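The structure appears below as structure tokens.
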Amino acid sequence: MRVDGVDWTTLASTAEAAVDIPRYLVELYEVTDEGRAVDTVYALHELLCNGSVTVEDAAAPAVRILYGMLDSENFRWRQYVLQLIDTIACVGSLIDSTETKYSIGKSRVRDEVLRGIPAVMKIIEHDEDRDVRGAAIVLMGDAGPVVPDMFERLASKVFDEPDMVLQADWAYAATAVLRRKGELPGVRGETWIRSMLTSNNPAVRYRVAQYLLRSGIEFANVDLIMREATPIVLAEGLLRVEYM
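Count along the sequence shown from 1, then add 538; that gives the number in my numbering.
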């Protein structure tokens, strides 16, 4: 896995970051301990994302390199890489913003995220690792193409999927697409949310409530629903590990 060929000094915000970003990318690819892998992904998150406001221009080559890691047969941390790409995609509505103020650098970040979506779709269709598939499903909801029937396709997966954790991921993805389509809030969006927050699957209730709270979308009793679902998903092992 190569990180040379990129002029990190012109893309990173500081001289220190220009050294640290490629160093952490190499470390993530080579590390064998999961705890260190999580710490490394979080360190990259801190270097590439400025809170929830914007992303560094250096995120463009970083995303390209991260997608490249997914193709490596022996790479173990695909779940966390997908989660990091998803975080980058969600910063400042990077994927769906219609504003023209984005710099060339930010546009390149968006282009790199979207360029990797076909690979994400292949993971969803063929990968045998539940957590990797789940992370890919979430990324698809946040950054995948919003075609006319996208919500219906994702929503149907909630009811077709036998795995309770993956059901929750499909519910998250469908909810994210509704919001990206401008239907949340809205009549169809509220009907969907109500059905998910009363689901028999506590993981679905938890995941959708979590999405609403993180997105600042108000819905009756959503905080209570999440508090009630949390101990259940923890006790039943229905909560996926995330790097942050």
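Virtual Cβ for every residue (Gly too), placed ideally from N, Cα, C.
Quick caveat: nothing in here was measured; it's all calculated off a predicted structure.
Checklist entry - If you draw a straight line from the alpha carbon of residue 780 to that of residue 550, how long is it in whole angstroms? => result Whole-angstrom Cα-Cα distance: 25 angstroms.
Item to check | Whole-angstrom distance between residue 553 and residue 692, CA atom to CA atom | outcome: 43 angstroms
Next on the checklist: Comparing C-alpha positions only, which one of 739, 609, 564, 730 sits nearest to residue 713?
Outcome noted: 730
Next on the checklist: Given this structure, state the Cα-to-Cα distance separating residue 566 from residue 706, to the nearest angstrom.
Outcome noted: Each residue's alpha carbon lies about 28 angstroms from the other.
Next on the checklist: On the CB-based measure, 16 or more other CB atoms within 10 Å of its CB, does residue 588 come out buried or exposed?
Outcome noted: Result: exposed.
Checklist entry - With residue 605 and residue 657 assumed to form a contact (beta carbons below 8 angstroms), what rounded beta-carbon distance in angstroms separates them? => result 6 angstroms
Item to check | Secondary structure, alpha helix (DSSP H): runs of 4+ residues fully inside the segment 560–645 | outcome: 572–586, 597–608, 616–628, all fully within the segment 560–645.
Checklist entry - If you draw a straight line from the C-alpha of residue 555 to the C-alpha of residue 614, how long is it? => result If you take the alpha carbons of residue 555 and residue 614, they lie about 25 angstroms apart.
Item to check | Sequence-distant residues of its chain with Cβ nearer than 7 angstroms to residue 546 (five each side left out) | outcome: 556, 559, 560, 596
Checklist entry - Can you tell me whether DSSP reads residue 844 as helix, strand or coil? => result Examination of residue 844 is not possible in this model, given that the chain is present from 539 through 782 alone.
Checklist entry - Going by C-alpha distance, which of 726, 665, 738 is nearest residue 689? => result 726
Checklist entry - Considering only residues of the same chain and omitting the five flanking positions on each side of residue 607, which have a CB-CB separation below 7 angstroms? => result 539, 567, 613, 619
Checklist entry - For residue 628, which residues of its own chain have a beta-carbon under 7 angstroms away from its beta-carbon, when the five flanking residues on both sides are left out? => result 680
Checklist entry - So the alpha helix (DSSP H) residue 656 belongs to, where does it begin and stop? => result 655–664
Checklist entry - So residue 745 and residue 709 are in contact, right, with Cβ under 8 angstroms, and what is the actual spacing, rounded? => result Between residue 745 and residue 709 the beta-carbon gap is near 6 angstroms, inside 8 angstroms, which marks them as a contact.
Item to check | Short Cβ contact (8 angstroms threshold) for residue 716 with residue 755 | outcome: no
Checklist entry - Using DSSP with H/G/I as helix, E/B as strand and the rest coil, what is residue 727? => result helix
Item to check | Check whether residue 655 and residue 682 have beta carbons under 8 angstroms apart | outcome: yes
Item to check | Residue closest to residue 720, alpha-carbon to alpha-carbon, out of 696, 699, 700, 684 | outcome: 684
Checklist entry - From residue 735 to residue 700, what does the alpha carbon distance come to, in whole angstroms? => result 18 angstroms
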